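Undergrad: If you scroll down you'll find the structure; I have some questions about it.
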Amino acid sequence: MGITPVHFFSHGSTRMLEADTESGAYWAKCGKEALAHNVKGIIIMGAHWACLGDRIEVATNPTPGKSFCPFSSPALYKDWKPNPDLATAERCISMLKAEGFCAGPNPNFTWIHDVFMVLIRMFPDDTKCPPVTIVSMNARYDPWYHVKVGATLRPLRKEGYLLIGTGGAVHNLYRNAWTDMLLYRESLGQERPPEAWALEFRQATEDVVTRNRGPALRKAMVRLMQHPAYREAQATDDHWMPALFAAGAAGDFEDEAESNVLAAETWELINMANSQFTFGQYKDDMEKTFAERQETDKLPQLGFVTAAA
Ligand SMILES: [Fe+2]
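Counting from 1306, one number per residue, gives the positions in the sequence shown under our numbering.
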């Protein structure tokens, strides 16, 4: 297989589990690709779990429950069974400790929608979901710390593990327009354009990801935290750290050979940009011709369809 790609998924609101979106279709496509390439396991950092002090934890609950996922039907997730990877969790803890992290297990962790929403869309049949290792963030939200977590676990890509960060490109819950969600359980209407700061930071993120590779990608992703629109785009740092984890995992000199793409995007609640990024690609995909890639990269048709004349 060679080295696996890395994904940074913007999970958006919990409606993203129930609504049919371009992003959800891309998550499904990534799941199919992962299965086609026999990935050994998923190693994922979400935006909803951070540890205090110097600590970082890895989930080791053998039978994790799932927390409530508002605005989506419980039927979509209540029976989907998590597939935790305890052996890889212990291995990640060892690798993190060897790099100086204060890392340890968390045998009581309950899965949260930032992780299971994406995994359900990727692997609707839970029996097909590869074993999953969830790594926490650290609540000091030091950007280079989270880059280093990704860099530390990067060698697992060469063994066939798929590394994923799930957060948000533009994700400020205080600046979202919630009325339609609260009244109608609807988040995709976009009755007016996003505000300028949201558009600017979304564009900056796309530019940084698609125009930088290797260590330059890591630096540029960290530098986005100094962008004038960063604090409006990210009211808190928790949904940006998984992007830095992904950049750490995909920002080695070896990664300079491969391109990074914005593969899909869904705007929600006026100001939330759910951009889906993939860093690198499976090796056999690299060997495809441009025409072959165009064919296999097609996403299901969504949105307006023009009637034939
Ligand atoms: Fe979230």
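C-beta atoms are modelled at their ideal positions from N, C-alpha and C, and glycine is treated no differently. Everything numeric in this text was worked out from a predicted model, so none of it was measured.
1) Please check the pair Tyr1382 and Leu1340, which I expect to be a contact at CB under 8 angstroms, by giving their CB distance rounded to whole angstroms.
2) Measure the alpha-carbon distance for Glu1559 versus Asp1589 and round it to whole angstroms.
3) Could you name each continuous beta strand (DSSP E) segment of 3 residues or more that falls completely within the stretch 1373-1412, going from the start of the chain to the end?
4) Taking 7 angstroms as the cut-off, is the beta-carbon of Ala1352 closer than that to any non-hydrogen atom of ligand 1?
5) Using the beta-carbon count (16 or more within 10 Å), is Arg1516 buried or exposed?
6) Just to check, is the beta-carbon of Asp1419 closer than 7 angstroms to a non-hydrogen atom of ligand 1?
7) Going by the CB atoms, is the gap between Cys1356 and Met1427 shorter than 8 angstroms?
8) Rounded to whole angstroms, what's the CA-CA distance from Val1610 to Pro1498? Just pull it up for me.
9) CB of His1451 to nearest heavy atom of ligand 1: below 7 angstroms?
10) Would you call Pro1624 buried or exposed, if buried means 16 or more other Cβ atoms sit within 10 Å of its Cβ?
11) Compute every distance between the C-beta of His1532 and the non-hydrogen atoms of ligand 1, then say whether any falls below 7 angstroms.
12) May I ask you to report which of helix, strand or coil DSSP gives Ala1568?
13) Would you mind giving the Cβ-Cβ distance between His1451 and Gly1553, rounded to the nearest angstrom? I have them listed as a contact below 8 angstroms.
14) Rounded to a whole number of angstroms, what is the C-alpha to C-alpha distance between Ala1403 and Gln1531?
15) Can His1544 be considered in contact with ligand 1, in the sense that its beta carbon sits closer than 7 angstroms to one or more heavy atoms?
16) Straight-line CA distance for Pro1448 to Thr1393?
17) So, using beta-carbon positions, are Thr1583 and Ala1562 closer together than 8 angstroms?
18) Nearest to Ile1439 by alpha carbon, out of Cys1397, Lys1345, Lys1453?
19) Identify which residue in Ala1509, Thr1432, Met1400, His1544 has its Cα closest to the Cα of Gly1351.
TA: According to the data block:
1) Distance from Tyr1382 to Leu1340 at the Cβ level is roughly 20 angstroms; contact not present, criterion being Cβ atoms closer than 8 angstroms.
2) Answer to the nearest angstrom: the Cα atoms are 17 angstroms apart.
3) Fully enclosed beta strand (DSSP E) runs of 3 or longer: 1407-1411.
4) Within the cutoff, so yes.
5) Classification of Arg1516: exposed, given that the 10 Å Cβ count is below 16.
6) Yes - ligand 1 has a heavy atom lying nearer than 7 angstroms to the Cβ of Asp1419.
7) No; because the gap between Cβ atoms is not below 8 angstroms, this pair is not in contact.
8) For Val1610, the pLDDT reaches just 38, beneath the cut-off of 50, and the residue's location in the model is therefore unreliable, although a value from the coordinates is still provided. For Val1610 and Pro1498, the distance between alpha carbons rounds to 21 angstroms.
9) For ligand 1, not one heavy atom lies less than 7 angstroms from the Cβ of His1451.
10) Residue 1624 lies beyond the residue range present for the chain, which begins at 1306 and ends at 1614; the question has no answer from this structure.
11) No, the Cβ of His1532 stays beyond 7 angstroms of every heavy atom of ligand 1.
12) Note: Ala1568 maps to strand in three-state DSSP.
13) His1451 to Gly1553, Cβ: 7 angstroms. Contact.
14) Taking the straight line from one Cα to the other gives about 31 angstroms.
15) Yes, the Cβ of His1544 comes within 7 angstroms of a heavy atom of ligand 1.
16) Each residue's alpha carbon lies about 24 angstroms from the other.
17) The answer is no: Cβ separation not under 8 angstroms.
18) Ranking the options by Cα distance to Ile1439, first place goes to Cys1397.
19) Measuring C-alpha to C-alpha distances from Gly1351 to each of Ala1509, Thr1432, Met1400, His1544 identifies His1544 as the nearest.
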